[in-house]
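In the UniProt record's numbering, the protein residues as written are 1 to 192.
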């Protein structure tokens, strides 16, 4: 519900390993609300979200370990460097992240020479590239991405699409929202 308006009714989705679900719709139709339900940040009024056949409310820690959610706002610490942000997220996820792996991920997305700058000195597109590096280092099975192409130039959009395609190719699942066309293999579209 948003105010008095019901956003979804009778919605039944299945996303399988090796698949990308592209959720589309006009502004305000409930794309972000759907993603919040899928991540467990919001609770459905009726029904449930299942992971491996079990309610995500019953397998919270397992689900959270296998989930990477990137919202439409950059969840980066502005006073930390790009490298420090990746290290912070790895520590929060209780994952060992060697400097070489973090640097390699940042460099893959065009941040060589910027890895030691405070994030506050980076452009909006460069901040999104730091988040792309996080996607590479996080190793979650399910990626839920809210408007991941925002603020990205043409080259970064292609790099992100390549990263998503790799994830799907190796059995990952992706649910994303975007107003732009997505050219990915194994993509299914849900129009809200």
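We put the CB at the ideal spot given by N, CA and C, even for glycine.
Please read these numbers as outputs of a predicted model, since none were measured by experiment.
Check                                                                                                : Outcome
Minimum length 4: unbroken alpha helix (DSSP H) runs contained in the stretch 15-67                  : 31-39 and 60-65
Local Cβ density within 10 Å of residue 176, reported as buried at 16 or more and exposed below that : buried
Closest residue to residue 92 among 137, 39 and 156 (Cα-Cα distance)                                 : 137
Same chain, Cβ closer than 6 Å to residue 145, neighbours up to 5 away in sequence not counted       : 70 and 176
Terminal residues of the beta strand (DSSP E) in which residue 190 lies                              : 187-191
C-alpha distance - residue 29 paired with residue 23, whole-angstrom precision                       : 11 Å
Residues bridged to residue 8 (per DSSP)                                                             : According to DSSP, residue 8 bridges with nothing at all.
For residue 174, three-class secondary structure by DSSP                                             : strand
Cα-Cα separation between residue 68 and residue 141, rounded to whole angstroms                      : 8 Å
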